[in-house]
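Take a look at the structure set out below.
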Amino acid sequence: MIEMSQIEKSFGENHVLRGVDFTLHSATVHALMGENGAGKSTLMNILSGIHKRDKGIIKMDGAEVDYSSPKDSEEAGIQFIHQELNIWPDMTVLENLFIGKEVRNKFGMLDERQMTAEARRIFKRLDFNLPLNRLAGKCSIGEQQMIEISKALMTDAKVIIMDEPTAALTDKEIEHLFIMMNQLKAEGVAFVYISHRMDEIFKIADEITVMRDGISVMSKPTQETSYNEIVQAMVGRSLDQQFPERTTIPGEIILEVSDLTNDEFGLEGINFNLRKGEILGFSGLMGAGRTEIMRSLFGIDKGRKKVTLNGKPVTINSPQDAIKNRFGFITENRKDEGLVLDASIKDNMTLANLKSFAKNGVVQNNPLEEFVNEMQKRLSVKSNKDLPVSSLSGGNQQKVVLAKWIGNGPAVLILDEPTRGIDVGAKREIYTLMNELTDRGLSIIMVSSEMPEIIGLSDRVYVLQEGRITGELAKEQISQENIMTLATGGVLNG
Ligand SMILES: Nc1ncnc2c1ncn2[C@@H]1O[C@H](COP(=O)(O)OP(=O)(O)OP(=O)(O)O)[C@@H](O)[C@H]1O
Ligand SMILES: [Mg+2]
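Each residue of the sequence shown is one higher than the last, beginning at 190 in our numbering.
So, in structure tokens, the structure goes:
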């Protein structure tokens, strides 16, 4: 159906694609995989006419094509759901769904009734519900993602490109998305599916292509490959162990949060504590209130709470208060992180923390450069540190955010979905880094939807259900079964 051959693309000196071949068959789901920065989004940007290729040929149904803008490719039946969501926060859900394709009646007026009916129809197929008149900016990230997906599925596209579509979806939403993808596939639609989530790939993809160092290094039917082969193809070596061993032994309690309550989000009487050097997991189904607790703790959302830090009561009514008390927070939404996209990688990693590189009020260049170099190396952000952050791939931007907060020298670091959108190799680096940080006495609170991550890293886990903590699991009790039991309102045996 689509045949891309020998595609080449450079950004300045950076030769990103060095002759990539990619073939998409109709009525299939084709997974596109590769490390952060491998060129997946770029290849799809070229297909859809967002970027111009330097060399190579693109054919659709046997005929050579050359789309010069996204509008061009959309008209040819290609829909692209981007990695970074494109939601208009001040417009309603309905308006967002129909941007650029408003339905008008014969008088040229917006046909609200028909648009509403169409929107309801697609939501029903996805078994998803959202008031159509709600402002999109008031929707959660997962809901915004569903809006984008609905928008693409509503068209009669022949090819749908999904760049990390499920990052913020609940298991139920993913399940319905997959059902709908399979239905559309039966009608002949082809999907390009970009994801770092291996379990999803094996569930949904018919074929897999892996990119590395600017070429496609593997392309196979899913049935003929394995987890290990894909990882090997992606990172060029096999990873013996996904989670490094925890060696830190948590010390005394340094943080106590009691009676955290936030009516707006249905949080009630949340109590928990954190030990020095601990990795404390927060688990629960999506919507259980994990992110909301962290936002309330950090002073982003209002509400009541008592916080005791190192035995002394502290007041946290704003993020500034939190930062003053040496809290750091990496939120689940990259766009909120305050990355200055036009500023360099180096500046983004350090500007907010210049004080920590200063001696007698003067910033020391050496430690600053060393820190940036070290972070780039550790997290494998393979790019010139003076280039703007906007030139980095999505996953690599996420790593810059992590570096920024580590540079701030926090005592308590809150990580909400720390490895979302990050490739397997770099994930392991982040885990190792978390271990080292806790070894040095830092304490980490980690919210994660990835069960293996919670189980593989946490020293202790709190499980939530609908705004309440339903249980606390000590290291030896942490298991998928126990977590699921507590997350769904069950009681542990014994
Ligand atoms: N607009 C741009 N200007 C300059 N360089 C860019 C631009 N877009 C991408 N790049 C570079 O191209 C390379 C490939 O990036 P791309 O976004 O395609 O990676 P990716 O495979 O999608 O990674 P991820 O999994 O992190 O999303 C990276 O080195 C990136 O820095
Ligand atoms: Mg990408």
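Built from N, CA and C at the ideal position, the CB exists for glycine as well.
Supposed contact pair residue j and residue i - C-beta distance, whole angstroms, cut 8 angstroms
i, j, result
"Ile644", "Ser668", "7 angstroms"
"Thr627", "Gly466", "5 angstroms"
"Glu362", "Phe317", "7 angstroms"
"Ile534", "Leu568", "11 angstroms between Cβ atoms; not a contact."
"Ala375", "Val399", "The pair is not a contact, with the Cβ atoms about 27 angstroms apart (cut-off 8 angstroms)."
"Ile191", "Val348", "6 angstroms"
"Gln272", "Ser329", "Contact doesn't hold; Cβ gap of about 18 angstroms is too wide."
"Val381", "Leu221", "6 angstroms"
"Ser638", "Glu606", "7 angstroms"
"Thr344", "Gln268", "6 angstroms"
"Met538", "Lys616", "Not a contact, Cβ separation roughly 20 angstroms."
"Val424", "Gly614", "4 angstroms"
"Ile542", "Gly596", "In the sequence as displayed, the identity of residue 542 is Asn instead of Ile. With a Cβ gap of about 4 angstroms, Asn542 and Gly596 count as contacting."
Bridge-paired residues (DSSP) for residue i
i, result
"Tyr256", "For Tyr256, which the question treats as bridged, DSSP gives no partner whatsoever."
"Leu498", "Leu444 and Lys501"
"Thr450", "Arg493"
"Arg401", "Ile404"
"Arg617", "In DSSP, Arg617 forms no bridge with anything."
"Ile191", "Leu213 and Met249"
"Val636", "Phe471 and Asp605"
"Asn203", "Phe200"
"Phe461", "Val446"
"His219", "Val381 and Glu396"
"Glu332", "Glu332 is not bridged to any residue."
"Ile611", "Answer by DSSP bridge pairing: none, since Ile611 is not bridged."
"Arg649", "Leu469 and Ala663"
"Gln268", "Ile349"
"Pro687", "Nothing in the structure corresponds to residue 687, since the chain is present only between 190 and 683."
"Leu622", "Answer is none; Leu622 lacks a bridge partner."
"Gly517", "Leu602"
"Pro577", "Ser533"
"Lys244", "Glu197"
"Leu591", "Bridge partners of Leu591: none, in fact."
"Thr281", "Leu324"
"Leu675", "None; Leu675 has no bridge partner."
"Leu232", "Answer is none; Leu232 lacks a bridge partner."
Beta-carbon proximity check, residue i vs residue j, cutoff 8 angstroms
i, j, result
"Ile603", "Phe518", "yes"
"Leu653", "Phe471", "yes"
"Pro354", "Ile442", "no"
"Gly476", "Thr359", "yes"
"Ile393", "Ile419", "no"
"Leu528", "Ser485", "no"
"Leu684", "Leu206", "In the structure as shown, the chain begins at 190 and stops at 683. Residue 684 is therefore absent and cannot be evaluated."
"Ala308", "Leu286", "yes"
"Leu373", "Leu321", "no"
"Ser447", "Asn225", "no"
"Ala265", "Arg609", "no"
"Glu481", "Asn462", "no"
"Ile672", "Val650", "yes"
"Arg437", "Asn624", "One detail in the question is off: residue 437 reads as Thr in this sequence, not Arg. Yes. Within cutoff."
"Pro599", "Phe487", "no"
"Ala325", "Pro278", "yes"
"Phe560", "Val552", "no"
"Leu646", "Phe391", "no"
"Met193", "Ile247", "yes"
"His219", "Gly403", "no"
"Lys244", "Glu301", "no"
"Ser339", "Ile311", "yes"
"Arg710", "Val636", "Here the chain has residues from 190 to 683 only, and residue 710 is not among them."
"Glu661", "Gly455", "no"
"Met298", "Leu315", "no"
"Pro439", "Arg464", "yes"
"Thr217", "Asp395", "yes"
"Ser199", "Ser237", "no"
"Asp648", "Ile468", "yes"
"Ser507", "Asp210", "no"
Within-8 angstroms CB hit, residue i to chain D
i, result
"Phe211", "Chain labels in this structure do not include chain D; a single protein chain is all it has."
Every unbroken alpha helix (DSSP H) within the stretch 525-555, with a cutoff of 4 residues, ordered by chain: 534-539
Lining residues of ligand 2 - beta-carbon closer than 6 angstroms to any non-hydrogen atom, in sequence order: Lys229, Ser230, Gln272, Asp352, Ser582 and Gly583
Segments assigned beta strand (DSSP E), at least 3 residues, entirely inside the stretch 287-370: The qualifying runs are 348-352.
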